[in-house]
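Residue numbers (full-length UniProt numbering): 1 to 376.
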């Protein structure tokens with residue numbers, strides 16, 4: 001494997017302040033759709049797509065240093081991710097993760113936050129935090145970090161990375177470290193079945209000194225905060241997290257349904273199988289959209305306890321399983337035309353399955369967590 005060349009990723013100071021406004025999200029969706037086939041074939045997002053995601057405001061949506069003083073909502077991010085995913089799920093995946101990782105980085109000490117967002121509220125932050133890897137050892141002024149992490153979506157185009165590693169002498173102690181992209185090697189390893197343009201490559205660092213103000217206990221990034229502050233920065237990460245990971249699958253499923261529907265006029269009116277596939281899958285996709293819209297609303301308002309987290313985790317996992325069923329049905333009913341690698345329906349099928357394989361969306365673990373808080 002060869003290391004990817006480091007691109008010029010100097011954060012621009014012209015990224016706008018307001019985030020995820022409908023017109024700019026629609027523009028990002030249109031641009032990403034225009035380049036979606038190219039992105040899938042070449043394994044990366046185009047410069048035009050990256051610029052459109054910046055203008056829409058994904059990376060700065062949860063930035064603690066937004067000049068407008070506003071604070072983003074999870075519903076806004078969810079809706080934007082679904083919209084962009086209808087054009088290109090890989091673009092939606094990267095944009096969503098840049099937003100989510102800003103929430104994590106906001107848990108760093110104040111000096112660390114100031115350094116990360118010094119040049120732009122739209123700093124792109126990639127992460128490789130689960131599972132933790134590498135090793136971190138105490139050094140004068142901070143920690144010395146070395147290791148390789150198997151996957152970090154969007155790392156090639158990011159300004160900073162959050163890396164989680166075992167740290168210190170206490171067994172099980174893990175810390176998160178913010179490292180500038182210039183100190184990270186990105187290895188060309190990603191060759192997924194779907195989400196092929198996310199650049200989810202392996203990353204590594206060697207003997208990088210991370211000052212104390214750019215590190216925090218890993219658990220602090222995920223836990224809810226009792227401190228007063230904007231809700232987007234105080235709820236536990238697992239309350240909105242699974243739904244945000246799942247959002248690109250909903251956009252991809254909608255695209256699959258649209259692609260299938262476009263072919264329907266060419267089918268025989270007597271083709272009851274195609275009509276049944278259309279109706280069943282449309283109903284399932286609409287049902288998941290309604291379920292998830294309600295669930296993401298709970299992340300913006302409502303309880304943040306273990307029961308709420310388990311309920312959202314349940315809805316995300318079983319919802320994405322339903323989307324897999326819906327898109328599988330469309331692919332089977334689509335005939336031989338859907339078997340080509342560049343066919344939009346087949347591309348959506350690959351993307352939905354790849355999203356569904358994410359660890360946060362496994363039904364078994366979600367069921368156990370839900371039963372634990374429901375049955376007692």
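Where a beta carbon is used, it is the ideal one built from N, C-alpha and C, also for glycine.
Just to check my reading of the structure: residue i and residue j have Cβ atoms closer than 8 Å, yes? What is that Cβ distance to the nearest angstrom?
{"i": "residue 92", "j": "residue 85", "result": "4 Å"}
{"i": "residue 133", "j": "residue 165", "result": "6 Å"}
{"i": "residue 232", "j": "residue 78", "result": "The pair is not a contact, with the Cβ atoms about 12 Å apart (cut-off 8 Å)."}
{"i": "residue 129", "j": "residue 218", "result": "7 Å"}
{"i": "residue 323", "j": "residue 250", "result": "7 Å"}
{"i": "residue 127", "j": "residue 199", "result": "Residue 127 to residue 199, Cβ: 13 Å. No contact."}
{"i": "residue 261", "j": "residue 278", "result": "6 Å"}
{"i": "residue 197", "j": "residue 44", "result": "6 Å"}
{"i": "residue 161", "j": "residue 144", "result": "Not a contact, Cβ separation roughly 16 Å."}
{"i": "residue 99", "j": "residue 62", "result": "5 Å"}
{"i": "residue 38", "j": "residue 46", "result": "7 Å"}
{"i": "residue 281", "j": "residue 326", "result": "4 Å"}
{"i": "residue 223", "j": "residue 236", "result": "6 Å"}
Drop a sphere of 10 angstroms on the beta-carbon of residue i, count the other beta-carbons inside from all chains shown, and report buried for 16 or more, exposed for fewer.
{"i": "residue 210", "result": "buried"}
{"i": "residue 23", "result": "exposed"}
{"i": "residue 366", "result": "buried"}
{"i": "residue 59", "result": "buried"}
{"i": "residue 290", "result": "exposed"}
{"i": "residue 354", "result": "buried"}
{"i": "residue 159", "result": "buried"}
{"i": "residue 319", "result": "buried"}
{"i": "residue 49", "result": "buried"}
{"i": "residue 335", "result": "exposed"}
{"i": "residue 315", "result": "buried"}
{"i": "residue 193", "result": "exposed"}
{"i": "residue 138", "result": "exposed"}
{"i": "residue 284", "result": "buried"}
{"i": "residue 294", "result": "exposed"}
{"i": "residue 140", "result": "exposed"}
{"i": "residue 40", "result": "buried"}
{"i": "residue 123", "result": "buried"}
{"i": "residue 356", "result": "buried"}
So residue i is in the beta strand (DSSP E); what residue range does that whole segment cover?
{"i": "residue 150", "result": "142 to 152"}
{"i": "residue 125", "result": "125 to 128"}
{"i": "residue 374", "result": "Element bounds for residue 374: not the beta strand (DSSP E) but the alpha helix (DSSP H), 363 to 374."}
{"i": "residue 187", "result": "185 to 187"}
{"i": "residue 137", "result": "135 to 139"}
{"i": "residue 215", "result": "215 to 217"}
{"i": "residue 175", "result": "174 to 180"}
Ordered along the chain, which non-local residues of its own chain (more than five positions away) have a Cβ less than 7 Å from that of residue i?
{"i": "residue 29", "result": "83, 84, 86 and 87"}
{"i": "residue 202", "result": "148, 149, 150, 151, 187 and 189"}
{"i": "residue 135", "result": "146, 147, 165 and 166"}
{"i": "residue 369", "result": "310 and 313"}
{"i": "residue 308", "result": "239, 298 and 302"}
{"i": "residue 374", "result": "none"}
{"i": "residue 206", "result": "146"}
{"i": "residue 378", "result": "A query on residue 378 cannot be resolved here, the shown segment of the chain reaching from 1 to 376 and no further."}
{"i": "residue 36", "result": "87 and 88"}
{"i": "residue 264", "result": "274 and 278"}
Only counting the same chain, and skipping five residues up and downstream in sequence, which positions put a Cβ closer than 6 Å to that of residue i?
{"i": "residue 204", "result": "148 and 185"}
{"i": "residue 109", "result": "213"}
{"i": "residue 252", "result": "85, 89, 348, 351 and 352"}
{"i": "residue 300", "result": "73, 74 and 75"}
{"i": "residue 53", "result": "28 and 95"}
{"i": "residue 259", "result": "344 and 345"}
{"i": "residue 247", "result": "78, 81 and 82"}
{"i": "residue 245", "result": "358 and 360"}
{"i": "residue 216", "result": "107, 108 and 176"}
{"i": "residue 172", "result": "none"}
{"i": "residue 225", "result": "234"}
Would you give the residue range spanned by the alpha helix (DSSP H) that residue i belongs to?
{"i": "residue 41", "result": "36 to 42"}
{"i": "residue 158", "result": "Unbroken run through residue 158: none, as it is neither H nor E."}
{"i": "residue 208", "result": "From DSSP, residue 208 is part of no alpha helix (DSSP H) but of the beta strand (DSSP E) over 201 to 211."}
{"i": "residue 235", "result": "No alpha helix (DSSP H) contains residue 235, which DSSP labels as neither H nor E."}
{"i": "residue 89", "result": "89 to 105"}
{"i": "residue 114", "result": "110 to 116"}
Using a C-beta cutoff of 7 Å, does residue i count as contacting chain D?
{"i": "residue 48", "result": "Absent from the structure is chain D; it holds one protein chain and no more."}
Leaving aside the five residues before and after residue i along the sequence, list all residues of the same chain whose C-beta is less than 8 Å from its C-beta, in chain order.
{"i": "residue 230", "result": "71"}
{"i": "residue 273", "result": "333"}
{"i": "residue 243", "result": "74, 78, 292, 295, 296, 299, 312, 315 and 316"}
{"i": "residue 363", "result": "317, 318 and 321"}
{"i": "residue 329", "result": "277, 280 and 281"}
Tell me the start and end of each unbroken beta strand (DSSP E) in the region 55 to 84 that is at least 3 residues and wholly inside, in chain order.
none
Unbroken alpha helix (DSSP H) runs of length 4 or more, entirely within the UniProt domain "Acyl-CoA dehydrogenase C-terminal" (243 to 361): which are they?
Taking only runs of at least 4 residues, the alpha helix (DSSP H) segments lying wholly in the UniProt domain "Acyl-CoA dehydrogenase C-terminal" (243 to 361) are 272 to 300, 306 to 333 and 344 to 356.
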